[in-house]
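K.L.:
Numbering (this note's numbering), first residue to last: 657 to 1119.
We put the CB at the ideal spot given by N, CA and C, even for glycine.
The model shown is predicted, which means the values in this text are computed figures rather than measured ones.
The structure is given below, and queries will be raised subsequently.
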């Protein structure tokens, strides 16, 4: 715990959710415990997977994250963060092409098995040995006739190469995110693109948010603008009611190279927070702080979508601004910035938060002799980097920003074998078994009680 004073429900409290991918499952477990214990939360903020928890919690949607039929328990979650279809097509096509090239070698290598068996059969005076040897010799002769193997393999390889190009081009254009994107470079880089399919994650959470807004009714999902307006209207109309909370979400603008904060605050915090973007010398703030309760409400769904896009490994989310806005109708690329928790703490302080609860799925520290085997698969490497970045960012942010609040509390696991991309679970060396997402949710629930509710809330004076 950092800060100058112990936790007290009397003070304005912000819940900060940080992390990527499966971190959202841990957040859901913590949110369940906080709701069950009746912990007062005035403002919920997040980036990355934390933005999902923030968006849902702000409109009393937390139970749809942790419930038995919640969005994190849906079977479709296991298909998120997969390799892009274009790369999967390329991988299978290369494997098939390689198999075609290896056919002649496989035919010849078969002799290493056929002839020894034939020899052993002859030793025991069985005619099958002679038949096997003669049959293999006939196979080799037929396969290598001028009109057979040497002829159809080049033809098949050429057709396969053409099919690869066509499939990659079709897959690339089908899976491109909506909106205009400025792109330059050779065609093959446009076809290959980022390795992870971020658009599937975006579509999933957009649909989940719409189901929450409509109460699960079978209503066709609208476009981004209507989805944004419906969410903003629901939050604004009920702000101050039980279960509804103020909201701040942080994403990163690749084109302006600055962080962007979007949210909805109650008065007088709203005027003080978003009012800072006007006046002399405040043009920079005008381009990075967007009030979802005002003219910027059409950006709500874009903020949720962009928060699910990783730097480099997924395509960024294109956001087109209104012509009358500060950016004059430009289209910018937004994504998450894994190390942005310090900036998020600055923003919640500017929003009037006096004490903060930081929730991270990355263990705070490691002890000696706790190393594990390094994963060589691509998703494992990416997940290890994201987890390490998140842990370091949280540790530095709490240390550097702790004195800015009365109290800063942290909820994080002592050990978590699941990296951000392990949506199907992973093998845990310590327990010699596979750990699944549901267990991470349970860990978040237990950690919230063990690290915060029992020691801090139980000892705090009533509000």
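Should residue 1010 go down as buried or exposed, given a rule of 16 or more other Cβ atoms within 10 Å for buried?
P.N.:
buried
K.L.:
Please determine, among 1072, 1006, 822 and 1087, the residue with the shortest C-alpha to C-alpha distance to residue 903.
P.N.:
1006
K.L.:
State buried or exposed for residue 683, treating a residue as buried only when at least 16 other CB atoms are found within 10 Å of its CB.
P.N.:
buried
K.L.:
With residue 1111 and residue 1049 assumed to form a contact (beta carbons below 8 Å), what rounded beta-carbon distance in angstroms separates them?
P.N.:
Actually they do not touch by this definition, with Cβ atoms about 25 Å apart.
K.L.:
Runs of 4 residues minimum, wholly inside the stretch 994-1082: which ones carry the alpha helix (DSSP H) assignment?
P.N.:
997-1006 and 1034-1057
K.L.:
Pop quiz: residue 721 and residue 712 are said to be a contact at Cβ under 8 Å. What is the actual Cβ separation, rounded to whole angstroms?
P.N.:
6 Å
K.L.:
Please check the pair residue 953 and residue 973, which I expect to be a contact at CB under 8 Å, by giving their CB distance rounded to whole angstroms.
P.N.:
Not really, about 17 Å apart at Cβ, beyond 8 Å.
K.L.:
Excluding the 5 residues preceding and the 5 following residue 1077 in the sequence, name in chain order all residues of the same chain whose CB lies nearer than 7 Å to its CB.
P.N.:
677, 737, 1035, 1038 and 1039
K.L.:
Excluding sequence positions up to five away, which residues of its chain have a Cβ less than 6 Å from the Cβ of residue 1108?
P.N.:
1065 and 1067
K.L.:
Between residue 681 and the rest of its own chain, which residues show a CB-CB distance below 6 Å, the 5 nearest in sequence each way excluded?
P.N.:
So the qualifying residues of the chain are 728, 1093, 1096 and 1097.
K.L.:
Is there contact between the stretch 703-719 and the stretch 904-923, where contact requires at least three CB pairs shorter than 8 Å?
P.N.:
yes
K.L.:
Pick helix, strand or coil for residue 685, following the three-state DSSP scheme.
P.N.:
helix
K.L.:
So what does DSSP say about residue 908, is it helix, strand or coil?
P.N.:
strand
K.L.:
Would you give the residue range spanned by the alpha helix (DSSP H) that residue 914 belongs to?
P.N.:
No alpha helix (DSSP H) holds residue 914; the beta strand (DSSP E) holding it covers 914-920.
K.L.:
What is the DSSP secondary structure of residue 744, reduced to helix, strand or coil?
P.N.:
In the three-state scheme derived from DSSP, where H, G and I count as helix and E and B as strand, residue 744 is classed as helix.
K.L.:
May I ask you to list the residues that DSSP assigns as paired with residue 980?
P.N.:
Bridge partners of residue 980: none, in fact.
K.L.:
Looking only at its chain, what residues have a beta carbon closer than 6 Å to the beta carbon of residue 983, apart from the 5 residues adjacent to it on each side?
P.N.:
Listed in chain order, the non-local C-beta contacts of residue 983 below 6 Å within the same chain comprise 977, local neighbours out to five positions each way being set aside.
K.L.:
With three or more C-beta pairs closer than 8 Å as the rule, is the stretch 773-784 touching the stretch 875-890?
P.N.:
No, the stretch 875-890 does not touch the stretch 773-784.
K.L.:
Note the first and the last residue of the continuous beta strand (DSSP E) segment covering residue 672.
P.N.:
669-674
K.L.:
Closest by CA to residue 1022, which one among 1004, 1015 and 1051?
P.N.:
1051
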